[in-house]
Amino acid sequence: MLEVEGLRAGYGSVEILRGIDMKVEAGEIVAVLGSNGVGKTTLNMVLSGLVRPRGGTIRFCGRSLAGASPAEIVASGLIQVPEGRRIFPNMGVRENLELGSYGRAKPNRAANLEKVFAIFPRLKERIGQFAGTLSGGEQQMLAIGRGLMAEPKLLILDEPSLGLSPLLVEEMFALINSLNADGLSIMLVEQNVVQSLELAGRAYVIENGEVAIAGSAASVAADPELRRTYLGL
Amino acid sequence: MYSADIIIEALLNGLLTGAIYALVALGLTLVYGVLHIINFAHGALLAAAMFAVLFVNQILGLDPYVQIPLLAVIFFGLGYGLQRLVIGPASHGRDENILLVTLGLSIIIENLLLAGFGSDTRSLNTDYSFAVFEVGPYLLGQARVFGAAGALATAALLWLFLSRSDTGKAIRAVAREKIGASLQGISVGHVYAVTFGLGCACLAVAACLLLPTFYVNPRIGSAYVLVAFTIVVLGGMGSIVGAMLGGLIIGVVESMSGLFLGESLGQIGIFLIFILALLFKPTGLFGAKA
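Chains as they are written, first to last, in full-length UniProt numbering: chain W, 1 to 233; chain Y, 1 to 290.
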């Protein structure tokens with residue numbers, strides 16, 4: 001579904017991604033792991049068209065996405081729920097969700113709104129509230145709900161567990177699991193190595209702008225280097 | 001001391017003028033609220049719009065009010081093009097460059113107007129320019145009443161557009177969260193250009209509403225834009241409600257200080273408000289908290 005080969009990108013004279021190879025197949029949960037500053041968010045920005053790649057190829061559903069605009073990428077069904085949520089704090093919960101279908105699936109807006117409310121009843125309770133007044137967990141629900149409004153083929157979740165209490169993290173990961181069970185392909189970009197590997201089928205560990213470890217979640221979890229660096233074992 | 005009737009009449013006239021000031025400020029505050037830049041070409045574009053009204057009136061004989069839809073569309077297109085083809089590309093994404101580009105634009109526009117129309121002060125007289133409505137004991141200039149009604153209607157339309165339409169929602173989304181908006185498939189460049197176009201369309205409507213009673217020359221823009229800045233600061237940078245309310249307040253202040261200090265000193269009150277607002281309420285009446 002998503003195939004990335006030799007992807008390079010950076011800002012100014014700083015090269016952040018030094019040749020990333022990865023792919024996500026339909027129906028998978030793929031975890032992209034790594035600590036702060038290894039280039040995970042830059043990778044997402046490139047995939048969503050907000051940062052131009054300097055080299056390599058990105059193919060999504062058989063089409064090249066290199067050089068495509070963010071709007072074209074959204075229209076093709078690759079939807080990102082960004083780090084820090086980036087909801088619209090000055091707008092209501094309903095308006096935030098409505099804008100989720102600005103670039104894709106607009107005719108199904110009303111039906112998808114009901115689907116999102118069925119997944120997150122909490123958002124329906126908060127429907128008239130300004131998004132900026134929601135709690136952190138609710139804002140994360142809103143960001144994911146907004147992403148679902150576009151009927152994604154592939155949903156990229158960037159640090160969905162960031163800033164949530166352990167209980168909410170459990171809830172969020174259970175939700176990701178159930179979205180995937182309904183057929184949604186998910187690329188889960190996380191620092192939370194242990195829980196992500198429990199959820200994902202395959203995983204990539206990024207270090208210094210390159211894929212350091214790749215394979216099935218079980219094999220990555222058993223990798224001695226990963227255990228040393230991330231788990232302190 | 002003046003009688004109550006004279007003071008009330010001045011108050012009403014101030015509100016009427018203030019509504020049109022508010023419309024000029026609306027364009028400024030909208031562009032600031034979304035693009036986060038001060039558009040220094042705002043005054044020059046208003047002068048250009050006023051000359052356009054004059055020109056169309058001379059060529060086609062159209063009444064200024066009849067020109068509103070025509071000029072609003074033309075100036076929307078002009079604003080869209082300016083942002084998309086000139087201001088955006090020339091600024092390379094840096095705010096300080098945008099400042100200089102709009103300043104440069106204002107100089108170009110003013111000099112084009114000087115070259116095209118000369119430096120004479122002109123006015124456009126209509127049947128209703130000097131006619132008045134008698135409301136009880138008060139005399140209200142007809143053109144001012146129409147002007148205020150048109151300004152309020154335009155503001156209401158703009159508000160509806162921003163709150164109801166998808167494009168309007170996209171504008172509000174981009175104003176606060178550019179990356180979040182891009183990730184929903186909203187083209188930030190397009191939204192910027194639409195916003196700039198709307199700002200210019202507000203000016204075109206304001207020009208149509210102003211000309212029956214106010215004169216025009218190529219440098220007239222700066223007079224309005226100073227008032228508009230005061231309104232925007234008083235109302236809160238980027239706030240539409242603030243611009244409307246600020247406009248009405250400034251209109252009344254101008255009219256009252258004109259009444260009590262003499263017509264030539266009428267603007268002193270405006271700048272007093274400007275300084276007071278900056279000293280005691282720098283975020284304005286409806287401004288976002290810093």
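Just so it is clear, CB atoms sit at the ideal spot from N, CA and C, and this is done for glycine as well.
This structure is a prediction, so every number in the text was calculated from the model and none was measured.
Item to check | Y80/Y, DSSP secondary structure in three states | outcome: helix
Checklist entry - When the Cα atoms are used, what is the spatial distance from I20/Y to R126/W? => result 38 Å
Next on the checklist: I'd like to know whether the C-beta of Y102/W is nearer than 8 Å to at least one C-beta of chain Y.
Outcome noted: yes
Checklist entry - For chain Y, is any of its Cβ atoms less than 8 Å away from the one on V74/W? => result yes
Checklist entry - If you measure from the beta carbon of K281/Y to each beta carbon in chain W, is any gap under 8 Å? => result no
Checklist entry - Whose C-beta lies closer than 7 Å to the C-beta of V241/Y among residues of the same chain, with five residues either side of it excluded? => result F286
Item to check | Partners in chain W for A170/Y, counting only beta-carbon separations shorter than 8 Å | outcome: L99 and Y102
Item to check | CA nearest to the CA of A150/W, picked from S264/Y, Q184/Y and L278/Y | outcome: Q184/Y
Checklist entry - Hey, would you say F274/Y sits closer than 8 Å to V233/Y, going by beta carbons? => result yes
Checklist entry - So what does DSSP say about T195/Y, is it helix, strand or coil? => result helix
Checklist entry - Leaving out the 5 sequence neighbours to the left and right, which residues in its chain are closer than 6 Å to N96/W when beta-carbon positions are compared? => result I87, F88, A131, L142 and R146
Checklist entry - Under three-state DSSP, which class holds T57/W? => result strand
Checklist entry - Are F60/W and L2/W touching if we call contact CB-CB under 8 Å? => result yes
Checklist entry - In this structure, does DSSP put residue 235/W in helix, strand or coil? => result Only positions 1 to 233 of chain W appear in the structure, and residue 235/W is not among them; the question remains open.
Checklist entry - Under 8 Å Cβ-Cβ, which residues of chain W neighbour D88/Y? => result It is worth fixing the name first, because residue 88/Y is Gly in this sequence and not Asp. Correct list: empty, because the minimum Cβ distance to chain W is about 15 Å.
Next on the checklist: Does chain W have any CB closer than 8 Å to the CB of K289/Y?
Outcome noted: Since pLDDT at K289/Y reaches only 49, below the 50 mark, its modelled position is unreliable, and the value read off the structure follows with that caveat. Chain W contact via Cβ: absent.
Checklist entry - Where in the region 129-174 of chain Y do unbroken runs of the beta strand (DSSP E), each at least 3 residues long, occur, reported from the N-terminal end onward? => result 132-135 and 138-141
Next on the checklist: Just to confirm, is the Cβ distance from V24/Y to Y224/Y under 8 Å?
Outcome noted: yes
Next on the checklist: Just list the residues that DSSP pairs A203/W with in beta bridges.
Outcome noted: A31/W and G215/W
Next on the checklist: Suppose you measure from the CA of L60/Y to the CA of L70/Y; what does that come to, to the nearest Å?
Outcome noted: 12 Å
Next on the checklist: Let's test the definition: count the other Cβ atoms within 10 Å of the Cβ of L105/Y and tell me whether it reaches 16, buried, or not, exposed.
Outcome noted: buried
Checklist entry - Looking at the C-beta of M91/W, does it have a partner C-beta in chain Y at a distance below 8 Å? => result yes
Checklist entry - Could you give the C-beta distance for L54/Y and V205/Y, rounded to a whole number, given that I count them as a contact under 8 Å? => result Going by Cβ atoms, the distance from L54/Y to V205/Y rounds to 15 Å, so no, they are not a contact pair.
Item to check | Nearest-angstrom Cβ-Cβ length linking E15/W and G209/W, presumed shorter than 8 Å | outcome: 7 Å
Item to check | Interface residues of chain W facing R176/Y [CB-CB closer than 7 Å] | outcome: F88, P89 and N90
Next on the checklist: Our contact map puts P152/W next to I79/W with C-beta atoms below 8 Å; I'd like the distance itself, whole angstroms only.
Outcome noted: 4 Å
Checklist entry - When the Cα of V46/W is compared with those of L33/W, G34/W, Y11/W and G27/W, which residue comes out closest? => result Y11/W
Item to check | Whole-number beta carbon distance between T29/Y and G235/Y, since they are thought to touch under 8 Å | outcome: 7 Å
Next on the checklist: Just to confirm, is the Cβ distance from Y192/Y to G88/Y under 8 Å?
Outcome noted: yes
Item to check | Residue nearest to A170/Y in terms of C-alpha spacing, selected from E159/W, L113/W, E98/W and S165/W | outcome: E98/W
Checklist entry - Between which two residues does the alpha helix (DSSP H) carrying G14/Y extend? => result A4 to L35
Item to check | Stretch-stretch touch, CB-based, cutoff 8 Å, three pairs: the region 108-118 of chain Y with the region 214-221 of chain W | outcome: no
Next on the checklist: Looking at L184/W: is its Cβ nearer than 8 Å to the Cβ of L199/W?
Outcome noted: no
Next on the checklist: Just to confirm, is the Cβ distance from P70/W to S48/W under 8 Å?
Outcome noted: yes
Next on the checklist: Would you say S48/W lies against chain Y (beta-carbon separation less than 8 Å)?
Outcome noted: yes
Checklist entry - Nearest chain W C-beta to Q83/Y closer than 8 Å, yes or no? => result no
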